[in-house]
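Participant:
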Amino acid sequence: MDTLKNKKVHFETYGCTFNFADTEKLKEIATANGCEIVTAEEADAVCINSCTVVAQTQRAMLRAVNDYQGKEVYITGCMPVVQADELRDARPDIHIILPEDIYLHTERVGAITDEGVGVVQIGTGCLGGCAYCITRLARGRLRSFSEKSIINETKRLVSEGASEIQLTGQDVSAYGRDKGTDLSRLLHLMNEIEGDFAVRVGMMNPATVLPILKRLVPAFSLEKVFSFVHLPVQSGSDHVLSTMNRGYKGSDFVKIVDTFRTEIPDVRISTDFIVGYPTETDKEFEETLDILNITKPTKVNITRFSVREGTAAAEYKDFPDWVKKERSREMTIAANKIYDENNEKMIGRVIPVAVTEEKKAGSVIARDKSYNNIVIKESLPIGMKLDVKIVSHNRHYLIGEKTG
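In the UniProt record's numbering, the protein residues as written are 1 to 404.
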């Protein structure tokens, strides 16, 4: 960090929303130290905010490091914490910036990452011990940021034009467990902030949702909170979940989804699955397909298991890639069928939305209270609120037309 001064710097960011917020803070620090932010071609130094969640991402990071021979390379994010030796082997002259170094240089817990989108980090680390996860080794145990800092940061971002506030952390539903508070209270406090904005809650863990479920669900009905729940289940098999050390059963996930849908019928549920986990038999993969078809989420992220050295799951015998590919293909087909069914039910509905971004010339993206992705094929100003009629869909998004 001390040498990141008076240079022409290019920034690249990989991975999660949390990393993108860190990059924006690092840009502010570099600019204050006399640096100029430029394109890769113009730069004499490159700063890479890294991700190492799966092996493919790790390889991409090492390629990125080696792409910039002849330039100084700085790297931050998760890799320097857990894979510093690999980075130095690839590039002996690399400069390492640990995430904690960023936090020591700024008190801010967020940044505007796109036009109208503010990201607020509500804490770092988690309470889990997932057997496959290298991120928990990089980010450590839960450290929630103060309610005051989060509220003040949200006010600042809203005053600078943010109409969407994305809450991010390694496990957002664990927020406050180390401070005697919880996510529900935080959302109620954020809902009281003046301004025209809405909060999108980031990734939660069923294990940390369960203890606060009754208090948490009503918070997603608040005026300034999107009814959008990102809740990775990872597997539908209790045996696999146990060997993953996830801390809940498949029935717990179903209970959470059912509770949200009972109180908020239009809630949008997004979930994640890992296929080809080393303990996943054919029967247990079928159990995962069953839980997908029972809960019918509106968004599914499918990841093929990837061995991460240093994690407990690295001790298992891995499946051949063809097994993972076949299971991923089968799950994708099942998920696509659910998307189409869910979207068909939306056609003909008239719903209030807000325009959030310009997709391309003559087309914009809008979001409703449930954070559905709605394309309107005309030019409209960012932030405009209007009613649209859903006329069709393209599997991964809805298509709406202005009413009246």
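Beta carbons: idealized from backbone N, C-alpha and C, even for Gly.
All values reported here derive from a predicted model rather than from experimental measurement.
#1: Hey, how far is the Cα of Leu213 from the Cα of Gly250?
#2: Is the Cβ-Cβ distance between Ser144 and Asp178 less than 8 Å?
#3: With a threshold of 16 other CB atoms inside 10 Å of the CB of Ile291, please say whether the residue is buried or exposed.
#4: Please go through the UniProt domain "TRAM" (344-404) and give each complete beta strand (DSSP E) segment of 3 or more residues, from N-terminal end onward.
#5: Can you tell me the Cα-Cα spacing of Asp2 and Lys25, whole angstroms?
#6: Below 8 Å on the Cβ atoms is my guess for Leu241 versus Val209; work out the distance and round it to an integer in Å.
#7: Give me the DSSP bridge partner(s) of Phe273.
#8: Just reading off the beta strand (DSSP E) that Arg200 is part of, what are its end residues?
#9: Evaluate Glu153 with the Cβ neighbour count: other Cβ atoms within 10 Å of its Cβ, from every protein chain shown; 16 or more gives buried, anything less gives exposed.
#10: Quickly, what does DSSP pair Val117 with across the bridge? List them, please.
#11: How many angstroms separate the CA atom of Asp171 from the CA atom of Arg141?
#12: Tell me which residue opens and which closes the beta strand (DSSP E) that Phe11 is part of.
#13: Span of the alpha helix (DSSP H) holding Glu100?
#14: Are the CB atoms of Ile150 and Phe197 within a distance shorter than 8 Å?
#15: Between Tyr14 and Asn66, which are expected to be in contact by the criterion C-beta below 8 Å, what is the C-beta distance as a whole number of angstroms?
#16: For Ile97, which residues in the same chain have their Cβ closer than 8 Å to its Cβ, ignoring the five residues on either side in sequence?
#17: Can you find a CB in chain B that lies within less than 8 Å of the CB of Glu147?
#18: Please classify Glu280: is it buried, with 16 or more other beta-carbons within 10 angstroms of its beta-carbon, or exposed?
#19: Could you please give the first and the last residue of the uninterrupted beta strand (DSSP E) stretch that includes Ser50?
#20: For Ser144, list the residues DSSP reports as bridge partners.
#21: Please classify Ser379 as buried or exposed, where buried requires at least 16 neighbouring CB atoms within 10 angstroms.
#22: Which of the three DSSP states is assigned to Arg108 in this structure?
#23: State the Cα-Cα distance for the pair Ile302 and Ser173, rounded to the nearest angstrom.
#24: Can you say whether Lys299 is buried or exposed, counting buried as having 16 or more other CB atoms within 10 angstroms of its CB?
#25: CA-CA distance, Glu194 and Phe228?
#26: Going by alpha carbons, who is nearest to Tyr339 out of Glu315, Arg395, Gly169?
#27: Quick one: grab the DSSP three-state call for Ile94.
#28: Can you give the beta carbon distance from residue 406 to Cys35, rounded, assuming they're within the 8 Å contact cut?
#29: Any idea what DSSP makes of Ile37, helix, strand or coil?
#30: Considering only the alpha carbon of each residue, which of Asn19, Ile29, Tyr132, Thr124 lies closest to Glu315?
#31: Which residue wins for smallest C-alpha separation from Glu263, given the options Gln234, Val217, Glu326?
#32: If you follow the alpha helix (DSSP H) that Ile29 is in, where does it begin and where does it stop?
#33: Specify the secondary structure class of Phe260 as computed by DSSP and reduced to three states.
#34: Can you tell me where the beta strand (DSSP E) with Glu72 in it begins and where it stops?
#35: Taking Glu357 as the reference, give the member of Lys325, Asn19, Phe220, Ala162 with the closest Cα.
#36: With the cut-off set at 8 Å, would you say Asn342 and Lys296 are in Cβ contact?
Facilitator: On the basis of the supplied data:
#1: One-based indexing of the sequence shown puts residue 213 at position 213. One-based indexing of the sequence shown puts residue 250 at position 250. Each residue's Cα considered, the two are about 16 Å apart.
#2: Position 144 of the sequence shown, counted from the start, is the residue given in the question as residue 144. Position 178 of the sequence shown, counted from the start, is the residue given in the question as residue 178. In this structure, the beta-carbon distance from Ser144 to Asp178 falls below 8 Å.
#3: Within the sequence shown, residue 291 is the residue found at index 291, counting from 1. With a threshold of 16 other beta carbon atoms within 10 Å, Ile291 meets it and is buried.
#4: For the UniProt domain "TRAM" (344-404), whole beta strand (DSSP E) runs of length 3 or above, ordered along the chain, are 350-360, 363-367, 373-376, 385-393, 398-402.
#5: Against the sequence shown, residue 2 aligns to sequence position 2. Against the sequence shown, residue 25 aligns to sequence position 25. Using only the alpha carbons, I get a separation of about 15 Å.
#6: The residue labelled residue 241 in the question sits at position 241 within the sequence shown. The residue labelled residue 209 in the question sits at position 209 within the sequence shown. Not a contact, Cβ separation roughly 15 Å.
#7: Residue mapping note: residue 273 aligns to position 273 of the sequence shown, counting from 1. Bridge partners of Phe273: Gln234, Ile302.
#8: Position 200 of the sequence shown holds residue 200. Start and end: 198-201.
#9: Position 153 of the sequence shown, counted from the start, is the residue given in the question as residue 153. Buried.
#10: Numbered from 1 along the sequence shown, position 117 holds the residue referred to as residue 117. Note: Val117 sits in a beta bridge opposite Asp114, Glu164.
#11: Within the sequence shown, residue 171 is the residue found at index 171, counting from 1. Within the sequence shown, residue 141 is the residue found at index 141, counting from 1. The alpha-carbon atoms of Asp171 and Arg141 are separated by roughly 11 Å.
#12: Your numbering for residue 11 matches position 11 in the sequence shown. Start and end: 8-13.
#13: As a first step, residue 100 must be located in the sequence shown, where it is residue number 100. Where Glu100 is concerned, the enclosing alpha helix (DSSP H) stretches over 99-105.
#14: Here the question's residue 197 lines up with position 197 in the sequence shown. Here the question's residue 150 lines up with position 150 in the sequence shown. No. Outside cutoff.
#15: The residue you call residue 14 lines up with position 14 of the sequence shown. The residue you call residue 66 lines up with position 66 of the sequence shown. Rounded, the Cβ-Cβ distance is 15 Å, inconsistent with contact.
#16: The residue given as residue 97 occupies position 97 in the sequence shown. These residues qualify, in order along the chain: Met1, Leu4, Leu26, Cys47, Tyr74, Ile75, Thr76, Pro80.
#17: Of the protein chains in the structure, only one exists, and it is not chain B.
#18: As a position in the sequence shown, residue 280 is number 280, starting the count at 1. It is buried - the Cβ of Glu280 has at least 16 other Cβ atoms within 10 Å.
#19: Position 50 of the sequence shown, counted from the first residue, corresponds to residue 50. Secondary structure note for Ser50: its beta strand (DSSP E) is the uninterrupted segment 45-50.
#20: On the sequence shown, position 144 is the one that residue 144 refers to. Paired residue(s): Gly123.
#21: As a position in the sequence shown, residue 379 is number 379, starting the count at 1. By the 10 Å Cβ count, Ser379 comes out exposed.
#22: Translated into the one-based positions of the sequence shown, residue 108 becomes position 108. Coil.
#23: As a first step, residue 302 is located in the sequence shown; it is residue number 302 there, counting from the start. As a first step, residue 173 is located in the sequence shown; it is residue number 173 there, counting from the start. Cα to Cα, the separation comes out at about 21 Å.
#24: Residue numbering aside, residue 299 sits at position 299 when the sequence shown is read from its first letter. So Lys299 counts as buried.
#25: Position 194 of the sequence shown, counted from the first residue, corresponds to residue 194. Position 228 of the sequence shown, counted from the first residue, corresponds to residue 228. For Glu194 and Phe228, the distance between alpha carbons rounds to 21 Å.
#26: Here residue 339 is taken as the residue at index 339 of the sequence shown, counted from 1. Comparing Cα-Cα distances from Tyr339 to each of Glu315, Arg395, Gly169, the minimum goes to Arg395.
#27: Within the sequence shown, numbered from 1, the residue matching residue 94 stands at position 94. Looking at Ile94 - three-state DSSP - the assignment turns out to be coil, as it is neither helix nor strand.
#28: The structure shown does not extend to residue 406, since the chain spans only 1 to 404, so no value can be given for it.
#29: Counted from its first residue, the sequence shown places residue 37 at position 37. DSSP places Ile37 in strand when its eight states are reduced to three.
#30: In the sequence shown, the residue the question calls residue 315 occupies position 315. Per the Cα distances, Tyr132.
#31: Against the sequence shown, residue 263 aligns to sequence position 263. By alpha-carbon distance to Glu263, the top candidate from Gln234, Val217, Glu326 is Val217.
#32: If you number the sequence shown from 1, residue 29 lands on position 29. From DSSP, the alpha helix (DSSP H) with Ile29 extends over 17-32.
#33: Walking along the sequence shown from the start, residue 260 turns up at place 260. Phe260 falls in the helix class under three-state DSSP.
#34: Working through the sequence shown from its first residue, we reach residue 72 at position 72. Here the beta strand (DSSP E) through Glu72 covers 72-77.
#35: Residue mapping note: residue 357 aligns to position 357 of the sequence shown, counting from 1. It is Ala162.
#36: Here residue 342 refers to the residue found at position 342 when the sequence shown is read from its first residue. Here residue 296 refers to the residue found at position 296 when the sequence shown is read from its first residue. Yes; because the gap between Cβ atoms is below 8 Å, this pair is in contact.
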